[in-house]
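> In the numbering used here, the protein residues as written are 104 to 217.
Okay, handing you the structure first.
This is how it looks when you write it as structure tokens:
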């Protein structure tokens, strides 16, 4: 995990807030906390949030909020992340099935692809 999150431009309408360069529970907790804080804050100009395992992509309307102003507000929110009480993460199990009725063409594909 980075000592300080990195704020990176992602085009002219988005910023990436990156907490680390690996997938780790403590990094993902920070991602979840920032996402929750941003959703609760309803910052003017923020139009969409895309959380990942290690970062949050923040889409914004540059006609409503300037990137520098948004960066400053994001840094303020990040400073207060330790105060948020997060719900336990949800785990969704997605079964994966191959062959039979789930992959009737599997034998054919295997023969032709090796």
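Idealized CB from N, CA, C, for every residue including glycine.
Should the region 147-167 be regarded as contacting the region 184-198, the criterion being three or more beta carbon pairs within less than 8 Å?
No contact exists between the region 147-167 and the region 184-198.
> Would you kindly report the start and end of the unbroken beta strand (DSSP E) that includes residue 117?
On the chain shown, residue 117 is found 14 positions in, with the first residue counted as 1. Looking at the DSSP string, the run of the beta strand (DSSP E) that includes residue 117 is 117-121.
> According to DSSP, simplified to helix, strand and coil, what is residue 150?
Here residue 150 refers to the residue found at position 47 of the chain shown. Residue 150 falls in the strand class under three-state DSSP.
> Between the region 158-178 and the region 191-199, are three or more C-beta pairs nearer than 8 Å?
Touching, no, given that fewer than three Cβ pairs across the two stretches are closer than 8 Å.
> Terminal residues of the continuous beta strand (DSSP E) containing residue 109?
Numbered from 1 along the chain shown, position 6 holds the residue referred to as residue 109. Segment 109-112, the beta strand (DSSP E) holding residue 109.
> To which residues of the same chain is residue 115 closer than 7 Å at the C-beta, ignoring the five residues directly before and after it?
Looking up residue 115 in the chain shown gives position 12. Only 165 meet the Cβ criterion.
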